[in-house]
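Reviewing the structure listed below.
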Amino acid sequence: MNIIKPEIILKLNEYFHDLEALTYDSRHPEIFAQEKKNWPEILKTVFSEDKNNIFLDYGSGTGFVEEVIYENNYQNKVERFYCYDISQEMLNKAQEKFKEKKEEFVWHKINSDENINLSESVDIACLNSVLHHLAEPKKVLLNILDNLKSGGYLVLEHEPNKKFYSSKFVFGIFKILRSIKNIFSKKVDKKLVDITMQLNQRMIQENLIKEPFSYQEIQRYVDFQVPASFGKLNKNVGFSPQDIVAWLGDTVTVEKSKTYSFYNIKLIDMIFNKIFKSKGKLFYLILKKK
Ligand SMILES: C[S@@+](CC[C@H](N)C(=O)[O-])C[C@H]1O[C@@H](n2cnc3c(N)ncnc32)[C@H](O)[C@@H]1O
């Protein structure tokens, strides 16, 4: 059982991403490259109608989704971008990138997972690589859905798929490959060690914790809904696309659902994608509000 409080998950995420903001764009180029392959299809779906859209990017980070929208030339279909995030440093980084753009941006620092109330309802809401950081993902999604117009789209992208981790076969292979990789590379991520130290200092100073978290604990709690970190499987966390659809009940229909990426080995991933369609390590999901 996880006995860590939701408020601590929230604060860990805020401070972790504050500390990661400056180097976030350069640290994981392979992830951005992979996600950029999914987004053209997603954008084609959600911008299919000829109209001006109000767009909410929840957990907007350094503005990855907005960048993809500009790169694919859909910015003219957005009347207003609402970029919400728990980390002020992430927001600052994104704001700097888009200061010359003529489209309207509303930047907002979220302080808790309490309800957000936008002054207007939105046509498209997205969470790119965000849901797995939340202590109470269902609650946040229901709230976002309240702010979505009927007929509007909810996009979840780059989320860990619980079905991958609960499959003895596909997850078993993953564990073997990871053990082999660890024999050859015992590299410690120096930036993460540094973040761990600074984050603990801040949490202790603010009386949020008494004892420092270990490097492993921080990873586990920041990526709270990833069912396995450092080889340990935690059956109490995580979700699959089907779980999300069940949470939202008959208020939504599924427009597209796709799992992808098994082991980052091109040929094996291609074969597994065909055989184990619902068990990829990651997924994206496009829902339409009824
Ligand atoms: C992995 S980053 C993804 C950022 C961006 N969407 C992207 O795709 O590059 C996760 C983002 O979620 C934000 N975040 C974490 N917990 C959050 C919460 N409870 N509410 C809102 N944002 C949160 C972080 O600050 C961070 O910017």
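If you're matching positions, the sequence shown starts at -6 in this note's numbering and goes up one per residue. We put the CB at the ideal spot given by N, CA and C, even for glycine.
beta-carbon residue i near ligand 1 non-hydrogen atom, thresh 7 Å
{"i": "I137", "result": "no"}
{"i": "Y51", "result": "yes"}
{"i": "V39", "result": "no"}
{"i": "S122", "result": "yes"}
{"i": "S254", "result": "no"}
{"i": "V148", "result": "no"}
{"i": "G286", "result": "The question about residue 286 has no answer here: the residues shown for the chain are numbered -6 through 283."}
{"i": "F57", "result": "yes"}
{"i": "S222", "result": "no"}
Segment limits, alpha helix (DSSP H) that includes residue i
{"i": "E7", "result": "-1 to 13"}
{"i": "N154", "result": "Looking at the DSSP string, N154 is not in any alpha helix (DSSP H), and its letter there is neither H nor E."}
{"i": "L84", "result": "81 to 90"}
{"i": "D139", "result": "130 to 139"}
{"i": "D78", "result": "Per DSSP, D78 belongs to no alpha helix (DSSP H); it is in the beta strand (DSSP E), 71 to 78."}
CB contact flag (residue i, residue j, <8 Å)
{"i": "K155", "j": "G231", "result": "yes"}
{"i": "N140", "j": "L120", "result": "no"}
{"i": "S53", "j": "E7", "result": "no"}
{"i": "N45", "j": "K70", "result": "yes"}
{"i": "K86", "j": "T55", "result": "yes"}
{"i": "F57", "j": "I117", "result": "no"}
{"i": "F74", "j": "F98", "result": "yes"}
{"i": "L149", "j": "Y67", "result": "no"}
{"i": "T246", "j": "L192", "result": "no"}
{"i": "L241", "j": "D106", "result": "no"}
{"i": "E113", "j": "P(-1)", "result": "no"}
{"i": "I109", "j": "N65", "result": "no"}
{"i": "H125", "j": "E152", "result": "yes"}
Where the beta strand (DSSP E) containing residue i begins and where it ends
{"i": "A118", "result": "115 to 121"}
{"i": "V99", "result": "97 to 102"}
Below-8 Å beta-carbon distance, residue i vs any chain D residue
{"i": "L192", "result": "Checking the listed chains, one finds no chain D in this structure; it contains a single protein chain."}
### Query
How about the stretch 184 to 197 and the stretch 258 to 274: do they share at least three Cβ pairs that are nearer than 8 Å?
Proximity of the stretch 184 to 197 to the stretch 258 to 274 falls short of the contact definition, fewer than three beta-carbon pairs being nearer than 8 Å.
### Query
Is it a yes or a no for the stretch 218 to 228 touching the stretch 149 to 168, going by three-plus beta-carbon pairs under 8 Å?
Yes, they touch.
### Query
Is it a yes or a no for the stretch 208 to 218 touching the stretch 178 to 189, going by three-plus beta-carbon pairs under 8 Å?
The stretch 208 to 218 is in contact with the stretch 178 to 189.
### Query
Considering only residues of the stretch 211 to 272, which uninterrupted alpha helix (DSSP H) runs meet the minimum length of 4 residues and lie entirely inside it, listed in chain order?
Those alpha helix (DSSP H) runs which fall completely within the stretch 211 to 272 and span 4+ residues are 234 to 241, 259 to 268.
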